[in-house]
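The structure appears below as structure tokens.
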Amino acid sequence: MSTLLALDTATEACSVALLHDGKVTSHYEVIPRLHAQKLLPMIKQLLEDAGTTLASVDAIAFGRGPGAFTGVRIAIGVVQGLAFALERPVLPVSNLAVLAQRALREHGAVQVAAAIDARMDEVYWGCYRAAEGEMRLVGTEAVQPPEASALPQDASGDWFGAGTGWGYGERIAVKLAGQDAAMLPHAEDLLTLARYAFERGEAIPADQAAPVYLRDKVAQTKAERGLI
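For the sequence shown, this note's numbering gives the first residue as 84, with consecutive numbering after it.
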């Protein structure tokens with residue numbers, strides 16, 4: 084059984100999770116603006132609680148966004164530092180997918196419209212369906228005004244709304260069977276998605292870890308920035 088470490092700092096929540104000897108342990112705190120100070124101590128404590136060390140970790144998963152610019156950068160900085168030192172690969176996971184996976188775990192929702200408040204009167208948006216225990220993207224992820232958010236064209240059945248973007252719920256023309264507008268990504272669910280990705284051989288070298296912001300004016304390619 085592989086040992087996987089997962090961490091997420093893309094929203095107000097800071098969380099870490101570990102799969103070791105077939106057991107999952109995690110730590111989760113909502114601590115805005117304290118992620119940089121808290122993340123490494125949380126990882127250290129998690130490993131101690133599990134009776135293992137970083138050397139046992141086979142891969143490190145992280146929330147790659149969308150989310151807060153600073154938060155995503157903190158996660159990538161820590162992940163790359165650890166992964167380079169350990170010579171281990173990394174597993175980038177969408178924070179919208181993590182929200183959908185948490186809705187499956189906590190509410191049994193098999194169709195989830197995940198939304199994160201993107202500020203600037205926009206939401207990060209993605210729709211997911213469960214397949215063999217894994218929430219998988221239907222269509223594409225986007226950043227857009229709440230009014231532009233919609234379910235997939237083939238949508239039917241019950242949909243659950245997850246994430247802070249549903250604070251704009253009155254402006255999103257989507258009928259839901261239930262929602263949790265306070266839900267934030269949790270590393271335990273990131274770990275679940277990372278396990279599927281790791282088993283499919285989707286781990287990548289640490290130097291390829293990159294954030295996903297969705298908003299073009301924030302994230303540009305190297306060519307667009309004139310670097311290549």
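C-beta: ideal position from N, C-alpha, C; glycine also.
Note that the structure is predicted; figures quoted are calculated from it, not measured.
DSSP state of residue i, grouped into three classes?
{"i": "A100", "result": "strand"}
{"i": "T108", "result": "strand"}
{"i": "E307", "result": "With a pLDDT of only 35 at E307, under the threshold of 50, the placement of this residue in the model should not be trusted; the figure read from the coordinates follows. Note: E307 maps to coil in three-state DSSP."}
{"i": "V301", "result": "Note on V301: pLDDT 42, under 50, position unreliable in the model; no value is reported."}
{"i": "G246", "result": "coil"}
{"i": "L273", "result": "helix"}
{"i": "A39", "result": "The shown model of the chain, from 84 to 311, leaves out residue 39, and the question about it has no answer."}
{"i": "L122", "result": "helix"}
{"i": "L220", "result": "strand"}
{"i": "A133", "result": "helix"}
{"i": "E95", "result": "coil"}
Considering Cα atoms alone, identify which of the options is closest to residue i.
{"i": "L101", "options": "I114, L87 and F167", "result": "L87"}
{"i": "Y207", "options": "A214, A213 and I199", "result": "I199"}
{"i": "L165", "options": "M218, A238, S139 and D272", "result": "S139"}
{"i": "P235", "options": "G148, A196, E217 and A213", "result": "A196"}
{"i": "G216", "options": "L274, E205, G252 and L169", "result": "L274"}
{"i": "P172", "options": "A142, K258 and G209", "result": "A142"}
{"i": "R147", "options": "D290, S177, T247 and Q291", "result": "S177"}
{"i": "A214", "options": "T247, A192 and M266", "result": "A192"}
How about residue i and residue j: do their beta carbons lie closer than 8 Å?
{"i": "R188", "j": "P229", "result": "no"}
{"i": "F243", "j": "G261", "result": "yes"}
{"i": "A245", "j": "A180", "result": "no"}
{"i": "L117", "j": "V226", "result": "no"}
{"i": "Y211", "j": "R202", "result": "no"}
{"i": "A144", "j": "A289", "result": "no"}
{"i": "S98", "j": "S109", "result": "yes"}
{"i": "L123", "j": "L130", "result": "no"}
{"i": "D91", "j": "A293", "result": "no"}
Got a sec, what are the start and stop residues for the beta strand (DSSP E) residue i sits in?
{"i": "Q262", "result": "G261 to D263"}
{"i": "P289", "result": "It is worth fixing the name first, because residue 289 is Ala in this sequence and not Pro. Careful: A289 lies outside any beta strand (DSSP E) and carries neither H nor E."}
{"i": "L90", "result": "L87 to D91"}
With residue i as the anchor, note down where its alpha helix (DSSP H) starts and where it stops.
{"i": "L234", "result": "Per DSSP, L234 belongs to no alpha helix (DSSP H) and is neither H nor E."}
{"i": "I114", "result": "No alpha helix (DSSP H) holds I114; DSSP gives it neither H nor E."}
Is residue i close to the ligand NAP? I mean its beta-carbon at under 7 Å from any heavy atom of the ligand.
{"i": "K121", "result": "Ligands displayed in this structure: none; no statement on the ligand NAP is therefore possible."}
Item checked: Segments of 4+ residues assigned as alpha helix (DSSP H) that fall wholly inside the region 136-217 -> 152-169 and 178-190
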